[in-house]
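Colleague: Take any residue in the sequence shown, count from 1 to its spot, add 21: that is its number in the numbering used here.
Quick one: the structure is below, questions incoming.
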Amino acid sequence: MSKGLVSIGSIIDYPTVHEKHVIGKVELILKNTVVVRDRFEDTHLVLIKTLEEDGMTVDDETYVYKNRYSRS
C-alpha cells in the first residue's frame with residue numbers, strides 16, 4: 022500500500038537529483054523526474070525512483086487542462 026499519491030499540485034519534501042533538500046509544489050511529471058517549484062520560484066528535479074522507494078505513488082496520467090475553445 023502506498024503512503025500517498027504525488028500529482029501535479031502536490032506539495033512534497035524530498036531530496037533533488039543534486040542531493041539538495043527541497044520543499045515545493047509539483048508542477049510537471051516527466052518520464053523519470055518530477056519538476057518542483059520552491060517558495061523562491063526556483064525549479065528542482067526529484068527522481069520518481071526516490072519517491073517510489075519511499076512508498077509514494079506518482080500519478081503519471083494527470084489530466085492536463087486544455088482550453089476547450091478553438092480558433093477555427
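Built from N, CA and C at the ideal position, the CB exists for glycine as well.
Do you know offhand how far H39's Cα is from I29's?
Modeller: To locate residue 39, count along the sequence shown from 1; it is residue 18. To locate residue 29, count along the sequence shown from 1; it is residue 8. Cα to Cα, the separation comes out at about 21 Å.
Colleague: Give the DSSP-derived three-state secondary structure of L72 in the structure shown.
Modeller: Position 51 of the sequence shown, counted from the first residue, corresponds to residue 72. Three-state DSSP puts L72 in a helix.
Colleague: For V44 and Y35, I'd like the C-alpha separation in whole angstroms.
Modeller: Start at 1 with the first residue of the sequence shown, and residue 44 comes out as number 23. Start at 1 with the first residue of the sequence shown, and residue 35 comes out as number 14. Rather than Val, the amino acid found at residue 44 in this sequence is Ile. Their Cα atoms are separated by approximately 7 Å.
Colleague: Among N53, K52 and D63, whose alpha-carbon lies nearest the alpha-carbon of K46?
Modeller: Residue numbering aside, residue 46 sits at position 25 when the sequence shown is read from its first letter. Checking every option, the nearest Cα to that of K46 belongs to D63.
Colleague: Which parts of the segment 29-56 are runs of the beta strand (DSSP E), unbroken and 3 residues or longer, counting only runs that do not cross its ends?
Modeller: 32-36 and 42-50
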